[in-house]
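To keep things clear, I will list the structure first and then write my remarks on it.
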Amino acid sequence: MGACLRSESSEHRTGDAIPESAAARPEEAIADRNHESHQQWSWPWLLSREGHQLWESRSHIREHAKRGIFKQGRGPCVVTTAEAAMRVLDPTALDQHVTRDAIGKDRPRTAGNEYMAASLTACNEAEWERQRRVLVGGVLPSVLGHRPIQIALRISAELKTSLLKVARAGTLVGVKELLMPRVAQWICELVLGPGHAREAWEPFVQTWQAKRRQADPNPESHAAFQAYLEGAVTLIQDPESLVGAMRASGELSDQVVVANSWSFLMAGFETTFHVISTTLLMIAARPELAEEVEKACQGDALDSESISALKCMKQLATTGRPLSDIPKDLADGHPLILARCILETLHKLPPVWTLPRAGPPDIVCPHLKNVVADTVQVKVDVAACNGAASPAQAWDPTSPIREGTHLLSFGLGGRSCPGGGSALAASFVLLRRLFGDFRVVLEDAGEVAAVLEGAYLAPTLCFKRSPLLKICAIDGLADDSK
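The numbering used here puts the sequence shown at residues 186 to 667.
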């Protein structure tokens, strides 16, 4: 294990495979300088990849990381550096080399996210424990019960009305233009309440686009939304909104409420939009599968069985259990085909690609306690741990789930995403409305391949293109609504 902490020059970050003897003799492994160096496999280099290179780079790294760990470090001598890092590429390595305490606790500071520094996502140690007790123990359960689904149902009804107009006119609509406003309305209402959501969702989308390279950089939009959020937080009283519930707890300052509002808005929007848009494209690109999904989505019933199965899957995954333990109907696919499609997206095209953690070496890995005196960073590579191969060929919700397959897309342990179940429920409700009432056809069947070629990390998975869709109402629905 210690070989993941060899020395390197200050100009480049290098990576090396873990030799078989590393876990047993870390000092000797550190002294060994004969392993092949792979300077191009640094984290900044991975962030610079696009398209299928994102997946291929992880496949190459996993081939060389015999123990599921790939080392990274800085400084002329990693033994005394203030930052050594390990990249986890295989879920079994978490049990073999990294303690669960390291995955469940501290997170390194991230440059550029200072506006969320006081949030549950970014804080550490005693403050993280305190916020977790207040938020996960009280605030979130009081808001994230039925409310996310209720909001999604209302927005899906509005989506149906607008899509009927598109279907009658025979016009084409872009995936982003179709879904971004709806998802933004959903998360803004959940976090801010209905009154503020009406005025906040559009500026929020502009801010997200500017920060995620979806549009030209626009620092002014971020500053303007920050100022709006700081003012709105002091006015929101609705106890059914996340902001209102946080304020009503009496235990969180306005600064902490603002920071957590940013965190919930960004994470909720990115996860939900990614799951809906990616699943929609993947289904639309497969006409036979689309027909099966359409049949499964008929009727007005909510299909609480699928939503429960998705939430159960999320709970199992964040405890580190394999996907073979999920409900049988969800694993088989056909009884709950739309839910299985969502699971396939989370597995093969996860929105989050890294789980950064930090801690002292004796907490992160027992093998390092006599080797490194300072902080060790752990980056759990979600896509690699999920075993995500090239998505163009691999995305297949009808294929059986392999034994031992894991899903790290919502994190692990105490720092796993507390609102992931709500994002899954909203994704399912909106997709069910789309495929239950409409036939969604890609204008260009080859567009999905182009979308995947334009994939990039920011640091969540994003797509540059917005494929055009043709929307057709099913069973004369357009005529009945005139």
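Just so you know, even glycine gets a beta-carbon here, dropped at the ideal spot from N, CA and C.
| Item | Value |
| --- | --- |
| Determine which residues share a DSSP beta bridge with LYS564 and list them. | ARG272 and PRO541 |
| Taking all protein chains shown into account, decide if GLU455 is buried (16 or more other Cβ within 10 angstroms of its Cβ) or exposed. | buried |
| Mapping the DSSP letters down to three states, classify ALA311 as helix, strand or coil. | helix |
| Between which two residues does the alpha helix (DSSP H) containing LEU616 stretch? | 605-622 |
| Which same chain residues, not among the five before or five after ARG234, have their C-beta less than 7 Å away from its C-beta? | SER242 |
| Is the Cβ-Cβ distance between GLY596 and LEU540 less than 8 Å? | yes |
| Which residue from THR560, ALA475 and VAL324 puts its Cα closest to that of VAL625? | ALA475 |
| If we ignore side chains and look at the alpha-carbon of each, how far apart do CYS373 and ALA610 end up? | 16 Å |
| For the candidate residues LEU487, ARG353, SER612 and HIS282, whose alpha-carbon lies nearest to that of PHE255? | HIS282 |
| In three-state terms, what does DSSP make of ILE656? | strand |
| Could you give the C-beta distance for TRP538 and LEU646, rounded to a whole number, given that I count them as a contact under 8 Å? | 6 Å |
| Are at least three pairs of beta-carbons, each pair with one atom in the segment 351-359 and one in the segment 451-469, less than 8 Å apart? | no |
| What does the alpha-carbon distance come out to for the pair GLY544 and VAL443? | 27 Å |
| State the Cα-Cα distance for the pair ALA481 and SER651, rounded to the nearest angstrom. | 26 Å |
| In chain order, what residues of the same chain lie with their CB nearer than 6 Å to the CB of LYS667, ignoring the 5 residues before and after it? | Confidence at LYS667 is low in this model, with a pLDDT of 43, below 50, so its placement is unreliable and the value that follows should be read with caution. There are no such residues. |
| Could you spell out where the beta strand (DSSP E) holding ALA573 opens and where it closes? | Note, ALA573: premise wrong, no beta strand (DSSP E); not H, not E. |
| Could you tell me the alpha carbon to alpha carbon distance between ALA494 and GLU405, rounded to whole angstroms? | 42 Å |
| I need the straight-line Cα distance from LEU414 to HIS519, nearest angstrom please. | 44 Å |
| Exposed or buried, which one is THR504 when buried takes at least 16 other CB atoms within 10 Å? | exposed |
| Looking at the secondary structure, which residues open and close the beta strand (DSSP E) in which PHE648 lies? | 646-648 |
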